[in-house]
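Report on the following structure.
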Amino acid sequence: MSLYDIEVTRSDGSKEMMSKYKGKVLLIVNTATKCGYTKQY
574 MSLYDIEVTR SDGSKEMMSK YKGKVLLIVN TATKCGYTKQ Y
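Mapped onto our numbering, the consecutive letters of the sequence shown carry residue numbers 574 to 614.
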């Protein structure tokens, strides 16, 4: 399994395959959503 085989759920609930970004430079940042400690998101 590679990164490009993974389906992710976006913060708006939509789903997207990481294969969409194959051949591109990615910066992946893991942030919490709907968390009391991250009101800025």
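Idealized CB from N, CA, C, for every residue including glycine.
Just so it is clear, the structure is predicted and the values come from calculations on it, not from any experiment.
Roughly how far, in whole angstroms, is the beta-carbon of residue i from the beta-carbon of residue j, given that I think they are within contact range, below 8 Å?
{"i": "residue 580", "j": "residue 588", "result": "6 Å"}
{"i": "residue 610", "j": "residue 595", "result": "With a Cβ gap of about 34 Å, residue 610 and residue 595 do not count as contacting."}
If distances are taken between C-alpha atoms only, which option among the options comes closest to residue i?
{"i": "residue 584", "options": "610, 603 and 574", "result": "603"}
{"i": "residue 537", "options": "591, 578, 608 and 586", "result": "Given a span of 574 to 614 for the chain in the structure shown, any question on residue 537 remains unanswerable."}
{"i": "residue 605", "options": "575, 574 and 582", "result": "582"}
What residue range does the beta strand (DSSP E) around residue i cover?
{"i": "residue 581", "result": "580-582"}
{"i": "residue 588", "result": "588-590"}
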